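Engineer:
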Amino acid sequence: MPTASPVVQPLPDTVQPVATTGGGLSDQALLDSIDPALLAKLIDSARPKSDIPPAGRRSLDVVGVIDQSDGGFPVGSTHYLNGPFVEGVITKMRGRFVSRWGHILARRVIASRLATPVGMNGADWAAMRAQLLLRMGEADAARAMVQSVDSGNFTRGLEDAAMASFLATADPVGLCPITALTAAGRPGWDWELSRAICSAFTDEGSTAMATLDKALRRGTGTKIDILLAQKFAGAATNARRAVKIEWNDVEALTPWSIGMSFATGLEPPEDLRKKAGENYALLAARAPMLSIYSRAAAADVGAARGVLSSRSLIDLYSAIYAQRDAEAADATEDEWTQRAATLRTAYVAEAQEDRLDAIRSLWGDGNDPERAYAGLVLTSHASARMVPSEALADSAAPLISSMLTAGLDRNAIKWAPFCPVGTEAWGLLVLSNPGRANRTGSEGLNAFADNDDSDNAIRSRFLLAGMMGLERVDPAAARDFAGKLGVDFNRQTRWTRAIDQAAASNNQALVALLAAFGMQGDGWGRMTPLHLYHVVSALHRVGLGNEARMIAAEAVARV
1 MPTASPVVQP LPDTVQPVAT TGGGLSDQAL LDSIDPALLA KLIDSARPKS DIPPAGRRSL
61 DVVGVIDQSD GGFPVGSTHY LNGPFVEGVI TKMRGRFVSR WGHILARRVI ASRLATPVGM
121 NGADWAAMRA QLLLRMGEAD AARAMVQSVD SGNFTRGLED AAMASFLATA DPVGLCPITA
181 LTAAGRPGWD WELSRAICSA FTDEGSTAMA TLDKALRRGT GTKIDILLAQ KFAGAATNAR
241 RAVKIEWNDV EALTPWSIGM SFATGLEPPE DLRKKAGENY ALLAARAPML SIYSRAAAAD
301 VGAARGVLSS RSLIDLYSAI YAQRDAEAAD ATEDEWTQRA ATLRTAYVAE AQEDRLDAIR
361 SLWGDGNDPE RAYAGLVLTS HASARMVPSE ALADSAAPLI SSMLTAGLDR NAIKWAPFCP
421 VGTEAWGLLV LSNPGRANRT GSEGLNAFAD NDDSDNAIRS RFLLAGMMGL ERVDPAAARD
481 FAGKLGVDFN RQTRWTRAID QAAASNNQAL VALLAAFGMQ GDGWGRMTPL HLYHVVSALH
541 RVGLGNEARM IAAEAVARV
């Protein structure tokens, strides 16, 4: 049977030209014929919105930092909550809480990995929490919250939180993925300077410095802000330009000037630092580029507020002691070196009396309440090393208060045999006892009131509120004592009803948020016995008994 032969087409003699587009127009002519605004819009629409492969992108259904397995709150706690309600609670918190333990609790719940509430965008859910963390002075946690969302999913609110977070942690380069994607066209002097800085770190140094020079001529932002940006960007270029930073005309520090000065390894003048107050101190206390003495000078604020743990504070002074110089030329350095040496004495002195004297020295005279409380935090573990005895009974209350700042409740309870009923130390132990305590009757309450020298018997009022919240007082005795003190624990407000309902639904995260909302203020003078009772009671009912005990004891210790 014959086989078919393949048909081979002959090659053309010449290559045929490709037909031109648009009726004979060249590509360049076609581009020139398009409206420039439309062309820019087309280019922007083709710009990638994310630099992460689809398989690696994270969901916005759950956003946060601390997983439940690492101590965070249950992820589903916020799944069915109303978005506008949660937004109202978080955005109305100013970030200052009367309680150090309240601050610690608030940080944990806000930073937890939690489901996005109903009717809310996951990026905005991260943004509002990052902004609250910044108001609390928790810059590192805020930055981690921002980074829990892929840069391609950023909203305008999360971009603003990112700007503030990366500046607060002295890392303006962290903004570069955002300025290249969602914020590529954001107006504003801060975004313009950020884009220039980022271009300096992507082999476009000359362009970056030219942009910053132009901004300086036009007055885009304040002069100090632009100079700091130039100094930082110059570190990535070969321009070898010396940028002199002058603070003479600066009236006040801003988040930009603080963050950029830290990023360039500079420390603003002392008068500006003092004027900025806590806003500066909370950032300086954790800024590794500052000298260890500058960090120590700011650490008291962070320790009293709850930003710094007792271990962080002790480690800071340990580092100071390790590099001590007996002939320190700077009086400030000598001050902190002496304090570090006193802390060492509080730990290792052979005689217990010497250790106690060192501890008392670190507490100070109490003229500065915040520094005095920071002294309790600093000596917490040294106080726990003191052997309970009748001879030290007069110092039992401050020693117990010091231990409780670090949660050393089991060490504190060892002092129980030396704390007579009705003393402040007795009240602290009744509230902080980690075991099941017997219910207190009228005799103990009245004895405590007889020894109470606080204004308007506020210490007795807080003791009763804490005992009632922890269910550690006889109900009949509590009613009689409340009547004697003139406290109405039955009064209801919108907030008390909300936190009681949250406790009834056993929603730990919501209870913690509402508890933080109810503990806002500059000091314990802003707290009422009614609020304290509902905070402690709600936390106790949903299984957050440890936090409830520490907050109740702190209230009695700090008034």
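Residue numbers (UniProt numbering): 1 to 559. Just so you know, even glycine gets a beta-carbon here, dropped at the ideal spot from N, CA and C. All values derive from a computational prediction rather than experimental measurement.
#1: Hey, could you find the ends of the alpha helix (DSSP H) Arg156 is sitting in?
#2: What are the boundary residues of the alpha helix (DSSP H) that includes Lys275?
#3: Applying the criterion that 16 or more other CB atoms from any shown protein chain within 10 Å of the CB defines a buried residue, is Thr21 buried or exposed?
#4: On the three-state DSSP scale, how would you describe Leu114?
#5: Measuring only the C-alpha atoms, how far is Trp191 from Phe166?
#6: Give every residue of the same chain whose Cβ lies closer than 8 Å to the Cβ of Leu429, excluding the five residues on either side of it in the sequence, and list them in chain order.
#7: Under a Cβ-count criterion, where at least 16 other Cβ atoms within 10 Å of its own Cβ denotes burial, should Gly265 be classed as buried or exposed?
#8: So, with DSSP's three-state summary, where would you put Gln492?
#9: Just tell me which of Ser99, Leu114, Arg135 and Leu38 has its CA closest to the CA of Asp67.
#10: What would DSSP say about Val473, mapped onto helix, strand or coil?
#11: Near Leu343, which residues of its chain fall below 6 Å by C-beta distance, leaving aside the five closest residues on each side in sequence?
#12: So, for Ala374: in the same chain, excluding its five sequence neighbours on each side, which residues have a beta-carbon less than 6 Å away from its beta-carbon?
#13: What ranges does the beta strand (DSSP E) occupy inside the region 471-552, keeping only unbroken runs of at least 3 residues that lie completely in it?
#14: Near Glu424, what residues of its chain come up, given a Cβ to Cβ distance below 6 Å and the 5 sequence neighbours on each side ignored?
#15: Below 8 Å CB to CB, which residues in the same chain sit around Glu327 once its five sequence neighbours on both sides are set aside?
#16: Alpha carbon to alpha carbon, how far is Ser199 from Val173?
#17: Going by alpha carbons, who is nearest to Arg472 out of Ile458, Leu431 and Phe489?
#18: By Cβ distance, which residues of its chain are closer than 6 Å to Ala170, with the 5 residues on each side in sequence left out?
#19: Scan the region 59-103 and note each continuous beta strand (DSSP E) run of 3 residues or more that stays entirely inside, going in chain order.
#20: Please return the same chain residues whose Cβ sits closer than 6 Å to the Cβ of Gln131, not counting the five positions on each side in sequence.
#21: Expressed to the nearest angstrom, what Euclidean distance is found between the alpha-carbon atoms of Thr179 and Arg156?
#22: Output the distance between the C-alpha atoms of Thr222 and Pro255, rounded to the nearest integer angstrom.
#23: Measuring CA to CA, which of Leu253, Val421 and Asn438 is closest to Leu445?
#24: CB-CB under 7 Å to Ala284, same chain, minus the five flanking residues each way: which ones, in chain order?
#25: Going by the DSSP bridge assignment, what does Thr440 pair with across the sheet?
#26: Starting from Ile178, trace the alpha helix (DSSP H) both ways and give me its first and last residue.
#27: By the three-class DSSP mapping on this structure, what secondary structure does Ala555 have?
#28: Can at least three beta-carbon pairs, one atom from the region 460-477 and one from the region 527-536, be found at a separation below 8 Å?
#29: On the criterion of 16 or more Cβ atoms from any shown chain inside 10 Å, does Gln230 qualify as buried, or is it exposed?
#30: CB Ser460 to CB Asp450, shorter than 7 Å?
#31: From which residue to which residue does the alpha helix (DSSP H) around Met128 run?
#32: By how many angstroms is the C-alpha of Trp426 removed from the C-alpha of Ala393?
#33: Alpha carbon to alpha carbon, how far is Gly277 from Pro36?
#34: From this set, Ala346, Ala391, Arg360 and Gly364, which residue's C-alpha is nearest Arg385's C-alpha?
#35: For a test of the three-state rule: what should DSSP assign to Lys244, helix, strand or coil?
#36: Within a Cβ cutoff of 6 Å, which residues of the same chain sit near Asp409, ignoring the five residues on either side of it in sequence?
Structural biologist: Checking against the coordinates, here is how it stands:
#1: Arg156 to Ala168
#2: Glu270 to Ala276
#3: Any reading at Thr21 is ruled out, since the residue's pLDDT is 47, under 50, leaving its predicted position unreliable.
#4: strand
#5: Rounded to whole angstroms, the gap between the alpha carbons of Trp191 and Phe166 is 13 Å.
#6: Ile400, Ala412, Ile413, Trp415, Ala416 and Cys419
#7: exposed
#8: Three-state DSSP puts Gln492 in coil, outside helix and strand.
#9: That would be Leu114, whose Cα lies nearest to the Cα of Asp67.
#10: strand
#11: For Leu343, where only same-chain residues beyond five positions count, the Cβ hits under 6 Å are Tyr317.
#12: Closer than 6 Å at the Cβ level, and outside the excluded window around Ala374, lie Asp300, Ala303 and Ala304.
#13: none
#14: Ala397
#15: Low per-residue confidence applies at Glu327: pLDDT is 49, beneath 50, and the placement is therefore not dependable, though the value from the model is reported in the following sentence. Answer for Glu327: no residue qualifies.
#16: 10 Å
#17: Leu431
#18: Gly259, Phe262 and Ala263
#19: none
#20: Within the same chain, Gln131 has close Cβ partners Ala161.
#21: 12 Å
#22: 13 Å
#23: Val421
#24: Leu290, Ser294, Arg295 and Ala298
#25: Thr440 pairs with Val473.
#26: Cys176 to Thr179
#27: helix
#28: Yes, the region 460-477 touches the region 527-536.
#29: Flag for Gln230 reads buried.
#30: By the CB criterion at 7 Å, Ser460 and Asp450 fall outside the cutoff.
#31: The continuous alpha helix (DSSP H) containing Met128 extends over residues Gly122 to Arg135.
#32: 11 Å
#33: 50 Å
#34: For the residues Ala346, Ala391, Arg360 and Gly364, the minimum Cα distance to Arg385 belongs to Ala346.
#35: If DSSP states are grouped into helix, strand and coil, Lys244 belongs with coil.
#36: Excluding residues within five positions, the ones whose Cβ falls inside 6 Å are Ser432 and Pro434.
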